[in-house]
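When you read off a place in the sequence shown, starting at 1, and then add 13, the result is the number in our numbering.
Below: the structure, in C-alpha cells.
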Amino acid sequence: MIQERVGILGLGSYLPPKILTNHDLEKIVDTTDEWIQTRTGIRERRIAEKGTATSDLAAEAARRALNDAKLEPTEIDLIICATTSPDMFFPATACLIQRKIEAKCPAFDISAACSGFPYALGVSNGLIRAGTYRHILVVAGEVISAFLNWKDRSTCVLFGDGAGACVLGPARPNGNVILSTFLGSDGTQADLLKIPAGGSAIPPTKESIESGLHYIQMEGSEVFKSAVRTMGDAVIEVVKRAGLNVEDIDCLIPHQANLRILNAVADRVNLPAEKVYVNLDRYGNMSAASTAVALDEAASNGAIHKGSLVVLVAFGSGFTWAATAIRW
Ligand code: ACO
Numbered sequence: 014m015i016q017e018r019v020g021i022l023g024l025g026s027y028l029p030p031k032i033l034t035n036h037d038l039e040k041i042v043d044t045t046d047e048w049i050q051t052r053t054g055i056r057e058r059r060i061a062e063k064g065t066a067t068s069d070l071a072a073e074a075a076r077r078a079l080n081d082a083k084l085e086p087t088e089i090d091l092i093i094c095a096t097t098s099p100d101m102f103f104p105a106t107a108c109l110i111q112r113k114i115e116a117k118c119p120a121f122d123i124s125a126a127c128s129g130f131p132y133a134l135g136v137s138n139g140l141i142r143a144g145t146y147r148h149i150l151v152v153a154g155e156v157i158s159a160f161l162n163w164k165d166r167s168t169c170v171l172f173g174d175g176a177g178a179c180v181l182g183p184a185r186p187n188g189n190v191i192l193s194t195f196l197g198s199d200g201t202q203a204d205l206l207k208i209p210a211g212g213s214a215i216p217p218t219k220e221s222i223e224s225g226l227h228y229i230q231m232e233g234s235e236v237f238k239s240a241v242r243t244m245g246d247a248v249i250e251v252v253k254r255a256g257l258n259v260e261d262i263d264c265l266i267p268h269q270a271n272l273r274i275l276n277a278v279a280d281r282v283n284l285p286a287e288k289v290y291v292n293l294d295r296y297g298n299m300s301a302a303s304t305a306v307a308l309d310e311a312a313s314n315g316a317i318h319k320g321s322l323v324v325l326v327a328f329g330s331g332f333t334w335a336a337t338a339i340r341w
C-alpha cells in the first residue's frame with residue numbers, strides 16, 4: 014500500500030563513556046586546547062575502548078530507538094546502517110547489528126560518509142512510501158578513532174565515536190512527518206577526503222601501512238569551503254521541496270564538523286545562529302552518527318517540540334551531501 018506520510022517513530026543514541034579532552038590530546042600531538050577550540054569549537058570527544066566495534070555502539074543505539082518506538086526487533090522489516098567505519102569490509106555492519114539485536118529482516122550498509130544518516134532517511138522514506146517496507150531501522154554508528162592517525166594533528170583532534178538510531182514507519186496520529194528529502198554527490202572531489210589504502214585500488218601492504226595510507230586524509234580548507242556551500246544549498250533545496258522557506262525553520266541540525274562551518278552555513282542561508290543545534294563541543298565530528306545523535310538529543314532536551322520545522326543537513330567524503338525536512 015502506498016504510504017502518504019512517513020514519520021520517525023522512535024529515536025536512540027549511545028556514546029562510549031571514555032572522554033578524551035583537548036588537554037589529553039596536548040599530551041599526544043603538538044596541539045593546544047586553545048587552537049582546537051578556536052579553530053573547531055570542540056572541547057572533548059568520546060572514544061570507544063579497544064575491542065569495541067561500530068556494531069556494538071550501533072546495536073545499543075538501535076535498542077534504545079526500538080524501545081522509544083515501542084516496537085520489538087522482530088517488527089522491523091529492514092535495517093540500514095550508515096557508517097564510515099564498518100566493523101570489517103564484509104559482512105555489512107547492518108547484518109552484525111541485526112544479529113546483536115536479534116532482528117529477522119534484510120540489512121545493508123550505506124556508504125555516504127558523514128552524510129550517511131540523512132542519505133539513509135531519504136532512501137527509507139522512499140521505500141516506506143512505495144509500500145516496500147513498513148518499519149525501517151536506520152542506525153548511524155562510528156568508531157572512527159580506529160581510522161585516525163594519532164600522529165596527524167590536523168585530523169586526529171577533529172573526530173569522536175558514537176551512534177544514533179531511529180525507527181521509521183507510517184506516521185502516527187499526531188506524530189512527526191518527513192516533509193521532503195534531498196541527496197547530492199560530486200565524485201570529482203573524491204580525493205579531498207579519503208582513506209586511500211585497504212581497498213582494491215591500493216590493497217593493504219607493509220608499505221601502505223608504513224606510509225599511513227590506511228588512515229583518514231583530508232584537505233581541510235577545501236573540505237571546509239565545499240561543506241559550507243553544499244550544506245547551505247541543500248538546506249534551501251529541501252525546504253523548497255517541502256513548499257516552505259528557510260525563515261520557517263525552527264531548528265537546523267547540521268553535521269557537527271566544525272563550529273565555524275556551522276556558523277558559515279547559517280550565514281549563507283540567513284538563519285539566526287540560535288536556531289542551529291550544536292553538540293560538537295562535547296562529541297567532535299562523529300561522521301555519520303553526528304546528525305543522528307544530535308536529533309535524538311534535540312528531541313529529548315526540548316530544542317525541538319511539537320510543530321517545529323526541523324531540518325537535518327550533512328556533508329561528507331565523496332563528496333556527498335543530504336538534507337531532510339521534518340515537521341515534528
Ligand atoms: N593544533 C595546532 N595546530 C594545528 C593543528 C592542531 N591540531 N592542526 C593544524 N594545525 C596548524 C597547521 O599545521 C597550520 O600551520 P602552518 O600555518 O604553520 O602550516 C595551521 O594550524 C593552520 O592550518 P589550517 O589547515 O589552515 O587551519 P584551518 O583554520 O583551515 O583549520 C580545520 C583546519 C579545522 C581542519 C578546518 O579546515 C576544517 O574544519 N575543515 C573541515 C574539516 C571537516 O569538516 N572534515 C570532515 C568532513 S566530513 C567527513 O566525511 C569525515
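Backbone N, C-alpha and C fix where the C-beta goes; we use that ideal spot for every residue, glycine too.
Between which two residues does the alpha helix (DSSP H) containing residue i stretch?
{"i": "Arg-340", "result": "No alpha helix (DSSP H) holds Arg-340; the beta strand (DSSP E) holding it covers 333-340."}
{"i": "Phe-195", "result": "Note, Phe-195: premise wrong, no alpha helix (DSSP H); beta strand (DSSP E) at 190-198."}
{"i": "Ala-301", "result": "Looking at the DSSP string, Ala-301 is not in any alpha helix (DSSP H), and its letter there is neither H nor E."}
{"i": "Leu-109", "result": "106-114"}
{"i": "Ala-210", "result": "No alpha helix (DSSP H) holds Ala-210; DSSP gives it neither H nor E."}
{"i": "Ser-234", "result": "233-254"}
{"i": "Asp-280", "result": "272-282"}
{"i": "Ser-224", "result": "Counting along the chain, Ser-224 falls outside any alpha helix (DSSP H), and DSSP gives it neither H nor E."}
{"i": "Arg-166", "result": "166-169"}
Along the beta strand (DSSP E) that carries residue i, what are the first and last residues, could you check?
{"i": "Ile-32", "result": "32-34"}
{"i": "Gly-182", "result": "175-183"}
{"i": "Val-151", "result": "149-155"}
{"i": "Cys-94", "result": "91-95"}
{"i": "Ser-68", "result": "Segment 67-82 is the alpha helix (DSSP H) holding Ser-68; no beta strand (DSSP E) there."}
{"i": "Ala-120", "result": "120-123"}
{"i": "Gly-144", "result": "Taken as a continuous stretch (DSSP letters only), Gly-144 belongs to no beta strand (DSSP E), as it is neither H nor E."}
{"i": "Ala-327", "result": "322-329"}
Report whether the distance from the Cβ of residue i to the nearest heavy atom of the ligand ATP is below 7 Å.
{"i": "Thr-106", "result": "The model on display carries the ligand ACO but not the ligand ATP."}
With distances taken from CA atoms, which of the options is nearest residue i?
{"i": "Leu-24", "options": "Lys-63, Ala-153 and Ser-128", "result": "Ala-153"}
{"i": "Ala-214", "options": "Glu-223, Ala-176, His-227 and Ala-327", "result": "His-227"}
{"i": "Trp-341", "options": "Gly-233, Ile-123, Asp-309 and Asp-122", "result": "Asp-309"}
{"i": "Thr-194", "options": "Thr-51, Val-252, Ala-240 and Ile-208", "result": "Val-252"}
{"i": "Gly-64", "options": "Gly-315, Ser-303, Val-156 and Asn-138", "result": "Val-156"}
{"i": "Ile-41", "options": "Cys-169, Val-259, Ala-72 and Leu-293", "result": "Cys-169"}
{"i": "Ala-184", "options": "Gln-202, Gly-211 and Ile-141", "result": "Ile-141"}
{"i": "Leu-150", "options": "Gln-111, Lys-319 and Gly-331", "result": "Gln-111"}
{"i": "Phe-172", "options": "Thr-145, Trp-163, Cys-94 and Val-241", "result": "Trp-163"}
{"i": "Ala-270", "options": "Ala-75, Gly-211, Phe-237 and Gly-177", "result": "Phe-237"}
{"i": "Gly-212", "options": "Leu-38, Asp-46, Phe-102 and Thr-45", "result": "Phe-102"}
{"i": "Ile-274", "options": "Gly-233, Asp-263 and Val-306", "result": "Gly-233"}
{"i": "Ile-222", "options": "Met-231, Glu-235 and Ile-208", "result": "Ile-208"}
{"i": "Gly-54", "options": "Leu-181, Asp-199 and Asn-298", "result": "Asn-298"}
{"i": "Thr-97", "options": "Ile-339, Pro-29 and Ser-330", "result": "Ser-330"}
{"i": "Gly-144", "options": "Pro-217, Phe-130, Leu-181 and Asp-122", "result": "Leu-181"}
{"i": "Leu-91", "options": "Asn-314, Asp-263 and Leu-79", "result": "Leu-79"}
{"i": "Lys-117", "options": "Ala-61, Ala-107 and Thr-201", "result": "Ala-107"}
{"i": "Ala-82", "options": "Gly-20, Glu-235, Ala-305 and Gly-197", "result": "Gly-20"}
{"i": "Gln-230", "options": "Leu-192, Ser-68 and Ser-167", "result": "Ser-167"}
{"i": "Leu-257", "options": "Asp-174, Ser-128, Leu-192 and Asn-314", "result": "Leu-192"}
{"i": "Glu-358", "options": "Ser-313, Ala-178 and Glu-39", "result": "Because the chain here runs from 14 to 341, residue 358 falls outside it and cannot be looked at."}
{"i": "Thr-67", "options": "Phe-121, Cys-94, Val-324 and Phe-130", "result": "Cys-94"}
Once you ignore the five residues that flank residue i on each side, which residues in its own chain have a CB closer than 8 Å to its CB?
{"i": "Glu-88", "result": "His-148"}
{"i": "Ala-279", "result": "Leu-265, Pro-285, Ala-286, Lys-288 and Val-289"}
{"i": "Lys-219", "result": "none"}
{"i": "Ala-126", "result": "Thr-97, Leu-206, Ser-300, Ala-301, Gly-329, Ser-330, Gly-331 and Thr-333"}
{"i": "Glu-85", "result": "Leu-79"}
{"i": "Glu-39", "result": "Thr-45 and Asp-46"}
Put residue i into one of helix, strand or coil per three-state DSSP.
{"i": "Cys-264", "result": "strand"}
{"i": "Gln-202", "result": "helix"}
{"i": "Tyr-132", "result": "helix"}
{"i": "Glu-57", "result": "strand"}
{"i": "Gln-50", "result": "helix"}
{"i": "Ser-26", "result": "strand"}
{"i": "Leu-161", "result": "coil"}
{"i": "Val-343", "result": "Because the chain spans 14 through 341 in this model, residue 343 falls outside it and cannot be assessed."}
{"i": "Ile-229", "result": "coil"}
{"i": "Ser-41", "result": "The sequence shown places Ile at residue 41, not Ser. Coil at Ile-41, not helix or strand."}
{"i": "Gly-20", "result": "strand"}
{"i": "Ala-316", "result": "coil"}
{"i": "Val-8", "result": "Residue 8 lies beyond the stretch modelled for the chain, which goes from 14 to 341, so this question has no answer here."}
Return the chain-ordered list of same chain residues with a C-beta closer than 6 Å to the C-beta of residue i, the five sequence neighbours on each side being excluded.
{"i": "Ala-247", "result": "Phe-195, Val-326, Trp-334 and Ala-336"}
{"i": "Gly-197", "result": "Trp-334"}
Within a Cβ cutoff of 7 Å, which residues of the same chain sit near residue i, ignoring the five residues on either side of it in sequence?
{"i": "Gln-50", "result": "Asn-35 and Arg-56"}
{"i": "Ala-277", "result": "Val-241"}
{"i": "Val-282", "result": "Gly-245, Val-248, Ile-249 and Val-259"}
Can you find a C-beta in chain B that's less than 8 Å from the C-beta of residue i?
{"i": "Ile-55", "result": "Here there is only one protein chain, and chain B is not present."}
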